[in-house]
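In the working numbering, the protein residues as written are 689 to 1041.
By construction, the Cβ of each residue, glycine as well, lies at the ideal position given by its N, Cα and C atoms.
Structure record follows, encoded as structure tokens.
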Amino acid sequence: MNGPITKELSSAAPTSLSRLFELTCTVLAAPSVNSVTKSRLLNPTTSRRKTVASKEERSRSLHAMLLASLRSLKKEVRLPETVTGDLSSWIFRIHGFGTNPPDQEARPGTPLLPSEESLTKWMAQIAGPKTEGRGTRAAIAKLEKANETPTRQELELLYRENRQQFDHQFKLQVGKVKDVANIPGGLPALANLESFEDFLKLLRATRALAMCLSVHETHPLSLIARATRGDGRAVLDLIKIDKLFLHDSCTQQLIKKAELRNDHAFMEQLARAQTYTTRLSAREMQRLYFYQLFLMEQGGISLPTQHELWRVLDPQGRQYRSLSAFEKDFQRRRRAFGRMLNDMDAETKTLKL
């Protein structure tokens, strides 16, 4: 192996396990369609102030985590030529969907999901607004120690000379990260992580998920369902997020039909979609974090007051000039979150892969 694949390995393999930890919260933005849509949105966080210790330390820890996730999501995930499958299928996989061979109907996947209680508690432990900075630093230190062996050079050599042994070592490393980070078993996103290429698929799907939530305020499963049924706007929105959707089974039928009919208007829109550049800002990363907070809240985790959240997430007042501005945006994200879940539930009920 050489060329682009070796470059991808050099940039991704040594850091991939750390990025697994950084991106896990984003992957869990929708752990499974069933477990999310069965829950109801709880009441908004109370305006009554509570006493929370070490706000400054928690603020620094959360900002560091969000910054690391933002940097990871900004990086393009290049794929080797040996990778197979559609991006839409990878997105379905991280949500616990599989396919039923007789009729190819989408259905919840077979991996056993952890209980909602254990999942939300873990999420709150590693990335909640009440997470202590010392605990986060200790977890990161353990992860770094777990990644000391094999070395980057050893991984690169294995990748070039012995792919079977490389995948074996990679799987062992993933297991160590799961143990160190106390990740609950049975998560669809991590259930079939058997190789480095599987991990690249996970990263690509995770990035598409985050970008759809941020740029379009729509869950990618909803867009995939609409594109499959011939919705041109959904096809264009998906391609804006990731150019892999140009060759995806969910978009191919409509694109081919437009080509056969010489639909110049759509083809011009398609050309523009291919040049569209998605960007994530610190504010948008913070809004993605709001969605995670709402998931925690659904799972029974008590959130701080909105005043406390504002002081933790925006201590310098750079993103929001006032508490009122923060509260308005927070409630807008709450409504958007509820709408996305309802749309996703409705769109995927009759979807066939």
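Query, Result
"Rounded straight-line distance, which links the Cα of residue 980 to that of residue 859", "28 Å"
"Residue burial classification, residue 883 (beta-carbon count within 10 angstroms, cutoff 16)", "buried"
"Cβ pair residue 936, residue 776 closer than 7 Å", "yes"
"Test item: CB-CB of residue 865 and residue 966 under 7 Å", "no"
"Distance between beta carbons of residue 817 and residue 746, contact taken as under 8 Å", "7 Å"
"CB of residue 779 within 7 Å of CB of residue 893, strictly", "yes"
"4-residue-minimum alpha helix (DSSP H) runs that sit fully inside the stretch 963-1005, ordered along the chain", "970-986 and 994-1001"
"Same chain only: Cβ atoms within 7 Å of residue 730, ignoring 5 sequence neighbours per side", "Any reading at residue 730 needs caution, since the residue's pLDDT is 37, under 50, leaving its predicted position unreliable; the model's value is listed next. Excluding sequence neighbours, residue 730 sits near 985 and 986."
"Contacting residues, own chain, Cβ-Cβ under 7 Å from residue 968 (five flanking each side not counted)", "758, 761, 762 and 902"
"8 Å CB neighbourhood of residue 1008 in its chain, flanking five on each side removed", "998, 1002, 1014 and 1017"
"Chain-order list of residues whose beta-carbon lies under 6 Å from that of residue 774 (same chain, five-residue window excluded)", "936 and 937"
"Helix, strand or coil at residue 632 [DSSP, three-state]", "Because the chain in this structure spans residues 689 to 1041, residue 632 falls outside the shown range and cannot be described."
"Three-state secondary structure assigned by DSSP to residue 850", "coil"
"Close Cβ partners of residue 771 (< 8 Å) along its chain, the five nearest in sequence each way excluded", "885, 888 and 889"
"Buried versus exposed, by CB contacts within 10 Å (16 or more), residue 910", "buried"
"Residue from 869, 862, 855 and 815 with nearest C-alpha to residue 829", "869"
"Residues near residue 721 by beta carbon distance below 8 Å, same chain, minus five either side", "For residue 721, the predicted model reports a pLDDT of 38, less than 50, meaning its position is unreliable; a value from the coordinates is still stated below. If we look at residue 721 and ignore the five residues flanking it on each side, its Cβ neighbours are 783, 784, 785, 796, 909, 1032, 1033 and 1036."
"Inter-residue spacing [alpha-carbon to alpha-carbon] between residue 975 and residue 752", "15 Å"
"Euclidean distance between Cα positions of residue 840 and residue 767", "19 Å"
"Residues near residue 845 by beta carbon distance below 7 Å, same chain, minus five either side", "none"
"For residue 772, the first and last residue of its enclosing alpha helix (DSSP H)", "No alpha helix (DSSP H) holds residue 772; DSSP gives it neither H nor E."
"Test item: CB-CB of residue 932 and residue 957 under 7 Å", "no"
"Enclosing alpha helix (DSSP H) for residue 763 [first to last residue]", "Element bounds for residue 763: n/a, residue is neither H nor E."
"For residue 818, three-class secondary structure by DSSP", "coil"
"For residue 838, the three-state DSSP class (helix, strand or coil)", "coil"
"Residue range of the unbroken alpha helix (DSSP H) whose run includes residue 896", "884-899"
"Cα-Cα separation between residue 973 and residue 1025, rounded to whole angstroms", "15 Å"
"Status (buried if at least 16 other CB within 10 Å, exposed otherwise) for residue 1021", "buried"
"Inter-residue spacing [alpha-carbon to alpha-carbon] between residue 940 and residue 919", "12 Å"
"Assigned secondary structure, residue 907 (DSSP; H/G/I helix, E/B strand, else coil)", "coil"
"Test item: CB-CB of residue 683 and residue 1028 under 7 Å", "Missing from the structure shown is residue 683; the chain here goes from 689 to 1041 and no further."
"Segment limits, alpha helix (DSSP H) that includes residue 951", "Note, residue 951: premise wrong, no alpha helix (DSSP H); not H, not E."
"Euclidean distance between Cα positions of residue 764 and residue 982", "28 Å"
"Neighbourhood of residue 977 by C-beta distance below 7 Å, restricted to the same chain and skipping five residues each side", "754"
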